[in-house]
Each structure stands twice: as C-alpha cells, then as structure tokens.
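Note sheet for the following structure.
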Amino acid sequence: MKNVLLNNGVSIPAIGFGTWTLQGERGYRAFRQAIECGFRHFDTAESYDTEIELGRAIRDSGVAREEFFITSKLPGEFKAYEIAKATLEQSLERLGMDYLDLYIIHAPWPWEEQDSPDWAEGNLAAWHAMSEGYKAQKMRAIGLSNFSYADIERIWDRCEIKPMLNQIRLHIGHVAASTVRYCKEHGIAVSAWSPLGGAPLRGKVALPEWVTVKTYAKKYGVTPQQLCLRFAMQYGDIVIGRTGSEKHMLANLAIENFTISDADMLALSQIDPYWQGGEKSLFA
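Sequential numbering from 2 applies to the sequence shown in our numbering.
Take a look at the structure:
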C-alpha cells in the first residue's frame, strides 16, 4: 500500500478506514473484516465511541500492533491543557494501547459553537498538551482536523512542534483549495474525510450519482465511488473511507490500481457543486 511521509518522517498509509457510526459489535465485525482485507490505517475518535471495539479487533486479529497506524482525536469542545492531557490518556486506555500513531484536534471550535468567538488560545493550550505527549512518545505524530488555513496559522506561528497533518472535508465539488494550498506550502499532509460527499441534501443527488462523476468513472473502468476516493487521495495525500461491506472494502483498497490524469484532476476539481448537485430530474 502507498504510504505518505509526514514532515517528521513518520509514514502513514494513504488509504485509511473510517470508524464513525460503526459502534458496538457491528463495528467490531467491520474492523476485523477490514483487517483481513488488508487495511492497517484506522481512523477513530473519542466522540465516535469506537475506540474500545477497534482496540479489541486489533488485538484479536493476531497482527502486530506495529503494523497498524491508529489515529484518534481530541474532541473539538476540549480547549484546555489539562483536559487535553487527560483525554489522550483515556483514548489510550480505551484502545488498550501504549501509544497512538496520530492524535489530532477534532475541530478548531466546539461543534455546537462554530460561530462563537475565536478559540485560538484554547487550541494553543490543547496543542501544548499534545506536544508534551508527542515528546513523551505517547503519539508518533500530531495534527489537526477541520482547520482552515487561518486556523492553522494561529497555531503555526506560535508553536514549537509544527502540525504534521490536517484532516478536512475534501471531495469533488468541495476541494477547499486555499486550505490545501496552505498545507502543501507548509509541509502539512492533507487527509480527506467524506470523499463521497456525505449524505446528499434533500432534493440533491449523491456525489457518486452525478453524471460527470459517472462519465469519468467509465473512462477509467472503475466505479463512481472509486473515482471519488482516488480524486480525494490525489488532490490531498490521504483518503479515509468507511464501509461495513467486504466488497466495498476491497474496492476501496483497489483505488491504488489506477491514476487520474492531471488534466482530468483539474476538470474534476473545477466542478460546480450547485449545478452538479441539482434536482434528480436533471440527471435522467
């Protein structure tokens, strides 16, 4: 599997397995299946309530811990030094692990307060706690999630240890160009979540059903879902997909078997989501 080198020299698999909504025994079975299919990069979070089952699946798999790359996240509402330290320890305990491969701040703001005053100082306090954990080798890398370039800058300019990764919503029709450009210029790896666009809004069409996506998928001899995942990985660096189906797990891993041309990447990156995501009748 293709790996991406972070700015501290740590290697991360370019295709990850997301755990959001895969709780309990359903999640455990999905994680075991994903491991059998060949996934080694798993993305969890305190707020996903999947850490316990993921840790159990990894232990029960018989595969050495060192072969996995495990990411977890500090909840966006935890903007203080002490709670960041404590939450990291709780994640390690739930996973049953001595270290994480990557620990990231889930969001620059509390989820319920996205329009609230600036949280830069709270993010810096949390980052300080994470930096101490990094120095103590409790995580091999630290990073951010859902941070715009302006949010990153408020940490970058005032921290000793620089962010190594930013996990953002990135898909055809939503490329976050300014943030991706900033990350590339500063050596921050970009990890894409929601590569299939997430749940469509009422009256809209799901991303894999867009006519343009289907047309390009046919050109490359792949499914629309595979095209979307490959686009997100090429536009950024890493892609996180999620499924409970063995068939789809194998299909997600198979995106390494083709490459979208530069010309087609440019065309796909310029798609207007308001037109492409219009009423279903437009796509008959």
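Don't be surprised by glycine CBs; every beta carbon is placed ideally from N, CA and C. For clarity, every value in this text was computed on a predicted model and none was experimentally measured.
- Take the alpha-carbon of L197 and the one of Q168: they are about 15 angstroms apart.
- In the assembly as shown, R27 is an exposed residue. Its beta-carbon has fewer than 16 other beta-carbons within 10 Å.
- A check of alpha carbon separations from M131 across P14, L230, Y100 identifies Y100 as the nearest.
- Counted as a single uninterrupted DSSP element, the stretch harbouring L208 is not any alpha helix (DSSP H), since DSSP gives it neither H nor E.
- Annotated three-state conformation of Q138 is coil, per DSSP.
- By the Cβ test, the stretch 255-270 is not in contact with the stretch 184-192, since fewer than three Cβ pairs between them sit closer than 8 angstroms.
- With fewer than three CB-CB distances shorter than 8 angstroms, the stretch 147-154 does not count as touching the stretch 235-250.
- Where H249 is concerned, the enclosing alpha helix (DSSP H) starts and stops at 247-254.
- Boundaries cannot be given for T244, as no beta strand (DSSP E) includes it and DSSP labels it neither H nor E.
- Put simply, of W157, P164, R243, E90 the residue whose alpha carbon is nearest the alpha carbon of T22 is R243.
- Separation of the CB atoms of I105 and S48 is rounded to 12 angstroms, and the pair is thereby denied contact status at 8 angstroms.
- Taken atom to atom, the span from the alpha-carbon of T88 to that of L75 is near 7 angstroms.
- Counting only runs of at least 4 residues, the stretch 22-59 fully encloses the following alpha helix (DSSP H) elements, listed from N- to C-terminal order: 25-38.
- By the CB criterion at 8 angstroms, A233 and L171 fall inside the cutoff.
- With contacts defined by Cβ atoms closer than 8 angstroms, G77 and H107 form a contacting pair.
- In this structure, DSSP gives R155 a helical state, which the three-state scheme calls helix.
- Of all alpha-carbon atoms in A58, Y183, H175, the one lying nearest the alpha-carbon of C229 is that of H175.
- Partner residues in a beta bridge of R95, as assigned by DSSP, do not exist.
- Look at W128 here: in three-state DSSP terms it is helix.
- A distance below 6 angstroms between beta-carbons, with the five flanking residues on each side excluded, links Y221 to the following residues of its chain, in chain order: F259.
- Assignment of beta-bridge partners to K185 by DSSP yields no partner.
- Close CB contacts of A142 within its chain, under the 7 angstroms cut and outside five residues either way in sequence, are with L7, N9, V11, D102, L103, M165, L166 (chain order).
- The DSSP-derived three-state label of F259 is coil.
- Inter-residue distance for Y29 and R57 is about 8 angstroms (C-alpha atoms, whole angstroms).
- For R182, the closest of R95, I173, Y236 by C-alpha to C-alpha distance is Y236.
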